[in-house]
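In the working numbering, the protein residues as written are 30 to 202.
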């Protein structure tokens with residue numbers, strides 16, 4: 030299957046700044062049905078005034094099923110008013126990183142922040158992005174689907190271009 034299909038199965042949000050200090054978050058579906066997160070810092074603005082991003086030094090990460098469930102619980106609790114912070118240490122990755130999710134109130138509304146503390150060779154990069162409750166809802170629902178075994182199996186089959194037979198078509202699944 031071509032990579033173009035995977036590129037279409039992506040959620041993206043960005044906060045660009047005229048001073049070149051924005052962050053891009055892309056969340057895409059992998060071949061095994063899990064989610065891959067990609068955060069890149071803005072490194073300028075092109076001739077058309079559009080932001081450009083440093084994808085070469087981006088931070089890429091995914092979550093285990095247990096981590097995904099923890100994030101879903103964190104989001105659901107924050108939406109009910111329980112504001113807190115959770116963090117995940119990814120030390121086994123090629124480049125060690127700490128990933129932190131925070132919830133807080135801003136202008137009487139819940140906001141979320143994702144921070145990634147990423148060690149790149151000799152220096153450390155920090156990626157920060159504030160997200161709205163709606164953006165976190167999309168992430169929450171996609172994370173739920175990524176660790177649901179039935180939905181994950183269907184995602185893998187769909188990505189392989191094999192559709193599962195519907196119940197009742199001939200008495201089989």
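From the three backbone atoms N, C-alpha and C, an ideal C-beta is built for every residue, glycine too.
- Here residue 117 carries a strand assignment [DSSP, helix/strand/coil].
- The segment 108–120 makes no contact with the segment 67–83; the number of CB pairs closer than 8 Å stays below 3.
- Membership of residue 157 in the beta strand (DSSP E) is indicated by the continuous run 152–160.
- DSSP places residue 87 in the coil class of the three-state scheme, outside both helix and strand.
- Taking the CA atoms as reference points, residue 157 sits about 11 Å from residue 131.
- With contacts defined as CB atoms closer than 9 Å, residue 60 and residue 51 fail to qualify as a contacting pair.
- When beta bridges are read from the DSSP output, residue 69 appears opposite 53.
- Just measuring C-alpha positions, the residue of 140, 186, 54, 49 sitting nearest residue 105 is 140.
- Taken through DSSP and simplified to helix, strand or coil, residue 79 comes out as coil.
- Nearest in C-alpha terms to residue 53, of all of 171, 77, 71, 63, is 71.
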